[in-house]
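Residue numbers (the working numbering), protein chains in the order written: chain Z, 69 to 318; chain X, 34 to 298.
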Amino acid sequence: MNKVNTVFEGLGSAVVLAYRAFASLPNAPRIIKRVVEQAFFGGYSSLPIVSILSFFIGAVLALQAGLTLQAVGMKQVIGTLVGESLVRELGPVMVAILLAGRVASATTAELASMKVYQEIDALITMNIPPERFLVLPRLIAVLLYMPVITMIGIVIGWFGGAIVCEYVGFIGVTSEQYFASLTSFLTADKLFKGLLKAEIFGFCIMLIACNTGLRTKGGPREIGFAVTRSVVLSLVTILILDYFITKALA
Amino acid sequence: MKTPCAVQDRSDRNPVGVEVAHLSKKYENQIVLNDISLSIKPGEIFVIMGPSGSGKSVLLRQIAGLETANSGTVRINGHDPADPATRDRFALALVFQAGGLFNSLSVYENLALYPLEHRLCPKPQIRERVMRALKILSLENAAKKFPSELSGGMKKRVAIARALVMEPQLLLYDEPTSELDPVMSATISEIIATLKNEFQVTTIVVSHDRDLALTIGDRVAILMKGALRTVSTAEQLRRVTDPDVVDFLNPKIDLKNPRYQKLEA
Numbered sequence: 069m070n071k072v073n074t075v076f077e078g079l080g081s082a083v084v085l086a087y088r089a090f091a092s093l094p095n096a097p098r099i100i101k102r103v104v105e106q107a108f109f110g111g112y113s114s115l116p117i118v119s120i121l122s123f124f125i126g127a128v129l130a131l132q133a134g135l136t137l138q139a140v141g142m143k144q145v146i147g148t149l150v151g152e153s154l155v156r157e158l159g160p161v162m163v164a165i166l167l168a169g170r171v172a173s174a175t176t177a178e179l180a181s182m183k184v185y186q187e188i189d190a191l192i193t194m195n196i197p198p199e200r201f202l203v204l205p206r207l208i209a210v211l212l213y214m215p216v217i218t219m220i221g222i223v224i225g226w227f228g229g230a231i232v233c234e235y236v237g238f239i240g241v242t243s244e245q246y247f248a249s250l251t252s253f254l255t256a257d258k259l260f261k262g263l264l265k266a267e268i269f270g271f272c273i274m275l276i277a278c279n280t281g282l283r284t285k286g287g288p289r290e291i292g293f294a295v296t297r298s299v300v301l302s303l304v305t306i307l308i309l310d311y312f313i314t315k316a317l318a
Numbered sequence: 034m035k036t037p038c039a040v041q042d043r044s045d046r047n048p049v050g051v052e053v054a055h056l057s058k059k060y061e062n063q064i065v066l067n068d069i070s071l072s073i074k075p076g077e078i079f080v081i082m083g084p085s086g087s088g089k090s091v092l093l094r095q096i097a098g099l100e101t102a103n104s105g106t107v108r109i110n111g112h113d114p115a116d117p118a119t120r121d122r123f124a125l126a127l128v129f130q131a132g133g134l135f136n137s138l139s140v141y142e143n144l145a146l147y148p149l150e151h152r153l154c155p156k157p158q159i160r161e162r163v164m165r166a167l168k169i170l171s172l173e174n175a176a177k178k179f180p181s182e183l184s185g186g187m188k189k190r191v192a193i194a195r196a197l198v199m200e201p202q203l204l205l206y207d208e209p210t211s212e213l214d215p216v217m218s219a220t221i222s223e224i225i226a227t228l229k230n231e232f233q234v235t236t237i238v239v240s241h242d243r244d245l246a247l248t249i250g251d252r253v254a255i256l257m258k259g260a261l262r263t264v265s266t267a268e269q270l271r272r273v274t275d276p277d278v279v280d281f282l283n284p285k286i287d288l289k290n291p292r293y294q295k296l297e298a
């Protein structure tokens, strides 16, 4: 029963946190600098790892698909398979998992240590709401950079698949054939739905990270526990949400 | 009411009084504060003393509006300290035991945060205000440093400077001399007294430093096991007869106590 209470408490406090953060939207002009800082840290700094990850996901996908599709004589649809998989599922999910591991853990650690070392209390006594000062810039930033890095990841993944198709002998699909197949089934609607999925994942991950960090109590040991809790909760949330969003958007 | 900028004209800003009435707080089953009532006069230095775990810091956090009580009230000039409007009106400042400085910001940025966030004045005037506070605390050379580069004493002084930039009407200190050597403790005590005299700010200090309490406190409250044992002036405190208070103020080490004999062995 206690665990159920904890789950609902966490959910409730996350909703309240999001409400309080967005209630301070009229003050948004004064947080532009912090939004840019967060976008740089979460988005721009994540680009190299997103690029490497996406490239190899596209490459492995093409390789695996190539093996199977060649056996059934359908290797000409590799482009469609890789392209759609990345747009609809793997791109948003992989970028979200990366965000949970890289940005959410760092955010929770930072906010939890601010809580433990009384920096949050200092903000409150200075009448600077932590929701406005710390949470809102992160939420706005993630909403801005999440679709961008997901799109970049998807495109790099497509090229990873194209290179494998072009240079791995037994697949034998030229990049022209690959991209022709990829673009023939891809529509703006599918792309939009993939990016919307990424946007929802990003928002939820950041909200979980901020909420877990700000709810940390106790000493320095709790910071580590909070980070673990935040990452695990983010990963579970991504996978559960993925099912429901996919179903809703289907 | 926002404070004026740069050149401080404090004529329109009077120190505030604090009323604590029947305040009780417990964590789970442990009573931390038990029916505390006290009145802190505008402009005085009020020191709250007591042994470790007596509830001093919890009482201070209640006065700062950082925690809610199970029963009873705290009022600053009749207003609830947990209300952001009260904090805004009286610019309540709290100097935390560990400083509570923002580790990702430089000393200058720590001090400038409050006026910048509240848009009290243009940046050049904020700079003037911050540099003035740093000068009062002899920290001019530390402006560009980060909290991790400062000694314990400097951190405390930066925390006091940050509070000073807020131009508070109520200034709260949580163990301002803990973990400091006697010389630095005396310096901090002197700074607290000077700030009170110069800026006419109501000051509440939580400490178990007897020297600080008896030197700078206009009145001293002794808190033991969550209950208020006495509120008196430093002079009256020297003549107090309550054996627990006397023991706390003048601790004696009984070398015949088996505990010390064991240590000696």
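Just so you know, even glycine gets a beta-carbon here, dropped at the ideal spot from N, CA and C. Quantities reported herein were computed from a predicted structural model and do not represent experimental measurements.
- If you look at residue 248 of chain Z, you'll find it in the alpha helix (DSSP H) that goes 243 to 253.
- Below the 8 Å Cβ cutoff, chain X contributes 131, 133 and 136 as neighbours of residue 185 of chain Z, in chain order.
- With respect to chain X, the C-beta atom of residue 190 of chain Z has a partner C-beta closer than 8 Å.
- Straight across, the Cα-Cα distance linking residue 204 of chain Z with residue 85 of chain Z is about 9 Å.
- Of all residues in the stretch 138 to 152 of chain X, only 146, 147, 150, 151 and 152 place a beta-carbon less than 8 Å from a beta-carbon of chain Z.
- Every unbroken stretch of the alpha helix (DSSP H) spanning 4 or more residues and falling wholly within the stretch 173 to 225 of chain Z is given here in chain order: 173 to 184 and 187 to 193.
- Assignment of beta strand (DSSP E) within the stretch 274 to 303 of chain Z, counting only whole runs of 3 or more residues, yields no such run.
- For residue 54 of chain X, not one C-beta of chain Z is nearer than 8 Å to its own C-beta.
- Think of a sphere of 9 Å around the beta carbon of residue 120 of chain X: the chain Z residues whose beta carbon falls inside it are 192, 193, 194 and 195, in chain order.
- Going by DSSP, residue 79 of chain X is part of the beta strand (DSSP E) stretching over 78 to 82.
- Within the model, the alpha-carbon separation for residue 83 of chain X versus residue 211 of chain X is close to 14 Å.
- For residue 191 of chain Z, the closest of X:47, X:199 and X:262 by C-alpha to C-alpha distance is X:199.
- Residue environment analysis places residue 126 of chain X among the buried positions, since at least 16 neighbouring C-beta atoms fall within 10 angstroms of its C-beta.
- Here residue 87 of chain X is buried. Its C-beta has 16 or more other C-beta atoms within 10 Å.
- Residue 109 of chain Z carries a helical assignment under DSSP once its states are collapsed to helix, strand and coil.
- The beta-bridge partner set that DSSP reports for residue 268 of chain Z is empty.
- The C-alpha of residue 156 of chain X lies about 50 Å from the C-alpha of residue 72 of chain Z.
- Around the beta carbon of residue 207 of chain X, 16 or more other beta carbons lie within 10 angstroms, which makes this residue buried.
- Between residue 199 of chain X and chain Z, the shortest Cβ-Cβ separation is below 8 Å.
- As the crow flies, the alpha-carbon of residue 270 of chain X is around 9 Å from that of residue 252 of chain X.
- With distances taken between CA atoms, residue 137 of chain Z lies nearest to Z:240 out of Z:240, Z:311, Z:284 and Z:254.
- Residue 96 of chain Z is not a Cβ neighbour of residue 228 of chain Z, given a cutoff of 8 Å.
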